[in-house]
Amino acid sequence: MTQSAKLTLNGDDVEFPVRSGTLGQDVIDIAALGKTGHFTYDPGFTATASCDSKICFIDGGKGQLLYRGYTIEDLADKSNFVETIYLLLNGELPNQTQLNEFKGQLAEHQNVPGVIENVFKGFNKKAHPMAMLGAAVSAQSAYYHDQSRINDKDYQYEAALNLTAQIPALSAMCYRHNEGLPFIASRNDLSYAENFLNMMFGSAENGGKVNPIFADAMDKIFILHAEHEQNASTSTVRNVGSTGANPYASIGAGVAALWGPAHGGANEAVVNMLLEIGDESHIDDYVARAKDKNDPFRLMGFGHRVYKNFDPRAHVLRDACASVLAELGDSDNQLLKIAQKLESIALEDSYFVERKLYPNVDFYSGIILRALGIPTTMFTVLFALARTSGWVSHWIELANADNFRITRPRQLYLGYDQRPFKNMDQR
Numbered sequence: 513m514t515q516s517a518k519l520t521l522n523g524d525d526v527e528f529p530v531r532s533g534t535l536g537q538d539v540i541d542i543a544a545l546g547k548t549g550h551f552t553y554d555p556g557f558t559a560t561a562s563c564d565s566k567i568c569f570i571d572g573g574k575g576q577l578l579y580r581g582y583t584i585e586d587l588a589d590k591s592n593f594v595e596t597i598y599l600l601l602n603g604e605l606p607n608q609t610q611l612n613e614f615k616g617q618l619a620e621h622q623n624v625p626g627v628i629e630n631v632f633k634g635f636n637k638k639a640h641p642m643a644m645l646g647a648a649v650s651a652q653s654a655y656y657h658d659q660s661r662i663n664d665k666d667y668q669y670e671a672a673l674n675l676t677a678q679i680p681a682l683s684a685m686c687y688r689h690n691e692g693l694p695f696i697a698s699r700n701d702l703s704y705a706e707n708f709l710n711m712m713f714g715s716a717e718n719g720g721k722v723n724p725i726f727a728d729a730m731d732k733i734f735i736l737h738a739e740h741e742q743n744a745s746t747s748t749v750r751n752v753g754s755t756g757a758n759p760y761a762s763i764g765a766g767v768a769a770l771w772g773p774a775h776g777g778a779n780e781a782v783v784n785m786l787l788e789i790g791d792e793s794h795i796d797d798y799v800a801r802a803k804d805k806n807d808p809f810r811l812m813g814f815g816h817r818v819y820k821n822f823d824p825r826a827h828v829l830r831d832a833c834a835s836v837l838a839e840l841g842d843s844d845n846q847l848l849k850i851a852q853k854l855e856s857i858a859l860e861d862s863y864f865v866e867r868k869l870y871p872n873v874d875f876y877s878g879i880i881l882r883a884l885g886i887p888t889t890m891f892t893v894l895f896a897l898a899r900t901s902g903w904v905s906h907w908i909e910l911a912n913a914d915n916f917r918i919t920r921p922r923q924l925y926l927g928y929d930q931r932p933f934k935n936m937d938q939r
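In the working numbering, the protein residues as written are 513 to 939.
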């Protein structure tokens with residue numbers, strides 16, 4: 513039976529169809545509302561589906577995250593990031609032949625053109641890495657731009673390869689420019705995560721050797737951050753893409769949106785919080801402060817706008833964090849001890865349980881990155897590196913959608929009504 517919703521406006525009934533997805537809540541299709549002379553008011557679009565998509569699904573109540581139908585736990589445990597990129601772009605996991613071909617395609621596109629490398633010369637050594645990354649990604653739009661082919665699927669896929677293959681090098685360049693170090697070229701004999709870590713920290717002496725435990729942890733971080741449905745940055749990519757902007761410009765806008773501390777900078781805030789707490793003996797005092805509405809202190813890394821249960825990504829990173837610190841001989845790490853005790857409190861204390869404030873993915877990722885020697889200013893860059901695969905998948909899905917149209921939100925105007933202009937001597 514087809515469902516519909518009824519709205520009464522000025523005594524007249526207006527019906528809207530109710531649409532059902534594969535999973536999740538039904539949605540009321542209000543596209544025809546504008547014909548009535550009315551539209552909805554929804555700040556932050558928290559009750560609005562701006563598109564339909566086949567890429568990702570989140571059930572916050574269950575703590576479930578699916579990429580193309582696969583659980584994030586299975587992908588992190590049984591797959592790798594290159595397979596995950598392929599899955600997001602193509603809809604299915606690759607067989608061995610497809611995977612080998614895809615690795616070859618990434619290798620063909622991984623070298624950053626010299627003209628884009630030169631973008632970094634325009635920044636001083638203290639420039640924020642996200643500023644540099646945004647500029648470098650946007651510069652790709654000038655180098656690879658071909659507006660006449662933007663609806664060509666071969667061009668779209670080539671853009672996806674350029675973006676996902678070069679983003680590790682561009683990210684590493686941000687770090688090395690800040691450190692005053694020469695750039696290191698990509699290597700196709702290393703895995704995606706190994707190649708990134710080598711471009712970050714490699715030297716002529718180490719010959720491209722990367723600790724496999726560190727590379728595995730980085731690979732998991734990439735998988736866990738690759739995609740997360742219609743968040744602020746993904747919606748930005750889609751909004752910009754809806755104008756017909758090329759994929760590089762659209763992903764550059766996504767980088768800018770991710771930079772905000774309410775979005776991509778959360779794991780940096782977690783590390784800063786753990787450093788502020790400083791010692792296990794101080795935890796009870798800080799927990800009490802977090803419960804005090806009049807105290808500005810907040811526990812970072814707990815709760816999530818979407819998840820009303822344990823963030824499934826936090827489970828994966830908790831184990832990876834322990835493995836990295838054990839490999840470093842730092843199992844007694846003070847930040848990890850503080851984090852673990854905070855987690856145990858959050859799972860038992862009624863204040864946190866009633867508010868569903870469970871640890872999220874940012875809670876452990878920052879500890880791992882810090883242990884690997886990655887500065888906090890680079891945390892959001894790594895987030896962008898991973899999320900590029902999701903962003904470009906959404907851009908391609910949008911560009912080929914049957915209902916493609918430019919995004920044009922409405923507003924509730926609260927300013928002046930029309931008023932007479934005052935000449936200077938009357939003001």
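Note that CB positions come from ideal geometry on N, CA and C, so glycine has one too.
Check, Outcome
"Cβ pair Leu897, Ser683 closer than 7 Å", "yes"
"Rounded straight-line distance, which links the Cα of Gly777 to that of Trp477", "Past the edges of the chain, shown from 513 to 939, lies residue 477, and the structure says nothing about it."
"Buried versus exposed call for Glu860 [16 or more other C-beta atoms within 10 Å across all chains shown]", "exposed"
"Chain-order list of residues whose beta-carbon lies under 6 Å from that of Ala744 (same chain, five-residue window excluded)", "Ala769 and His775"
"Exposure label - Ile918; buried when at least 16 CB within 10 Å", "exposed"
"Extent of the continuous beta strand (DSSP E) to which Lys518 belongs", "Ser516 to Leu521"
"Residue of Asp541, Ser565, Pro724 and Ser793 minimising C-alpha distance to Ala559", "Asp541"
"Nearest to Asn912 (by Cα), restricted to the options Tyr667, Asn935 and Phe528", "Tyr667"
"Member of Asp831, Cys686, Tyr582 and Asp586 whose CA lies at the smallest distance from the CA of Lys633", "Cys686"
"Sequence ranges, alpha helix (DSSP H) only - wholly within the region 607-683, length at least 4", "608-621, 626-629 and 641-655"
"At least 3 beta-carbon pairs within less than 8 Å: the region 697-710 vs the region 725-738", "yes"
"Neighbourhood of Phe916 by C-beta, 8 Å cutoff - its chain only, sequence neighbours within 5 removed", "Ser754 and Leu910"
"Spatially closest choice to Gln617 from Ala858, Ile597 and Asp937, by CA coordinates", "Ile597"
"Pair within 7 Å by beta-carbon distance, Ala681 and Met711", "yes"
"Three-way DSSP call (helix, strand, coil) for Phe569 in this model", "strand"
"Nearest-angstrom beta carbon gap, Val649 and Val767 [assumed within contact, 8 Å]", "6 Å"
"Which of helix, strand or coil DSSP assigns to Leu787", "helix"
"Length of the line joining the Cα atoms of Ala543 and Asn784", "45 Å"
"Status (buried if at least 16 other CB within 10 Å, exposed otherwise) for Glu855", "buried"
"Alpha helix (DSSP H) runs wholly inside the region 524-602, at least 4 long, in chain order", "584-590 and 593-602"
"Completely contained alpha helix (DSSP H) runs for the region 749-818, where each covers 4 or more residues", "759-770, 778-789 and 795-803"
"Nearest-angstrom Cα separation, counted from Thr552 out to Lys518", "14 Å"
"Local Cβ density within 10 Å of Ala832, reported as buried at 16 or more and exposed below that", "buried"
"Cβ neighbour criterion (16 or more within 10 Å) applied to Asn700", "exposed"
"Residues that Pro871 bridges to, as DSSP identifies them", "Phe814"
"Pick from Ala671, Tyr582 and Gly764 that is closest to Thr746, judged by C-alpha positions", "Gly764"
"Start and end residues, alpha helix (DSSP H) containing Thr892", "Phe891 to Ala911"
"Where Ala883 sits in the DSSP three-state scheme", "helix"
"Close Cβ partners of Phe864 (< 6 Å) along its chain, the five nearest in sequence each way excluded", "Ala858"
"For Ser745, three-class secondary structure by DSSP", "helix"
"CA nearest to the CA of Gly546, picked from Glu739, Cys563 and Leu521", "Leu521"
"Extent of the continuous alpha helix (DSSP H) to which Val828 belongs", "Pro824 to Glu839"
"Exposure of Val530, with buried meaning 16 or more beta-carbon neighbours within 10 Å", "exposed"
"Neighbourhood of Val594 by C-beta, 8 Å cutoff - its chain only, sequence neighbours within 5 removed", "Leu611, Phe614, Lys615, Leu618, Ser703 and Tyr704"
"Close-in-space but distant-in-sequence residues of the same chain around His621 (CB under 6 Å, 5 per side omitted)", "Leu673, Asn674 and Ala677"
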